[in-house]
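Chemist: Right, I'll just put the structure down here and ask away after.
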Amino acid sequence: MDLLVTSDERANGAVLLGRATLAEAVRAGKITFFGPTKLIRDFPNWIGVTRYARYATPLQRAYAAVAAS
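For this note's numbering, add 1 to where a residue sits in the sequence shown, where the first one is 1.
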């Protein structure tokens with residue numbers, strides 16, 4: 002095993018969609034790592050926000066419209 006990453010689905014989705022940071026999920030204990038320290042430290046360079054994150058939910062668009070007016 003090189004690096005084992007455990008996560009609940011909600012935390013994983015939030016990070017991938019850019020709704021939470023990896024650091025926030027780790028601090029909350031929702032994402033954990035087991036393996037060499039170097040690989041754990043490098044992990045944020047491997048994972049990124051999905052390209053679909055830019056699409057806001059209808060509720061987010063409504064809030065943005067109100068804030069802009």
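Backbone N, C-alpha and C fix where the C-beta goes; we use that ideal spot for every residue, glycine too.
#1: Pick helix, strand or coil for Thr38, following the three-state DSSP scheme.
#2: For Ala66 and Leu18, which I take to be in contact (beta-carbon distance under 8 Å), what is that distance rounded to the nearest angstrom?
#3: By Cβ distance below 6 Å, which residues in the same chain neighbour Val6 in space, the five residues on each side in sequence not counted?
#4: DSSP has Ser8 in a bridge; who is on the other side?
#5: On the criterion of 16 or more Cβ atoms from any shown chain inside 10 Å, does Ile48 qualify as buried, or is it exposed?
Modeler: On the basis of the data shown:
#1: By 1-based counting over the sequence shown, the position of residue 38 is 37. It is helical.
#2: Along the sequence shown, one-based indexing puts residue 66 at 65. Along the sequence shown, one-based indexing puts residue 18 at 17. Your pair Ala66 and Leu18 does not check out as a contact, with CB atoms roughly 20 Å apart and the cut at 8 Å.
#3: Your numbering for residue 6 matches position 5 in the sequence shown. Counting only Cβ-Cβ distances below 6 Å, and skipping sequence neighbours, we find Phe34.
#4: What you label residue 8 is simply residue 7 of the sequence shown in a count that begins at 1. Under DSSP, Ser8 forms a beta bridge with Ile32.
#5: Along the sequence shown, read from residue 1 onward, the residue named residue 48 stands at position 47. Taking a 10 Å sphere around the C-beta of Ile48, we find fewer than 16 other C-beta atoms and assign the residue as exposed.
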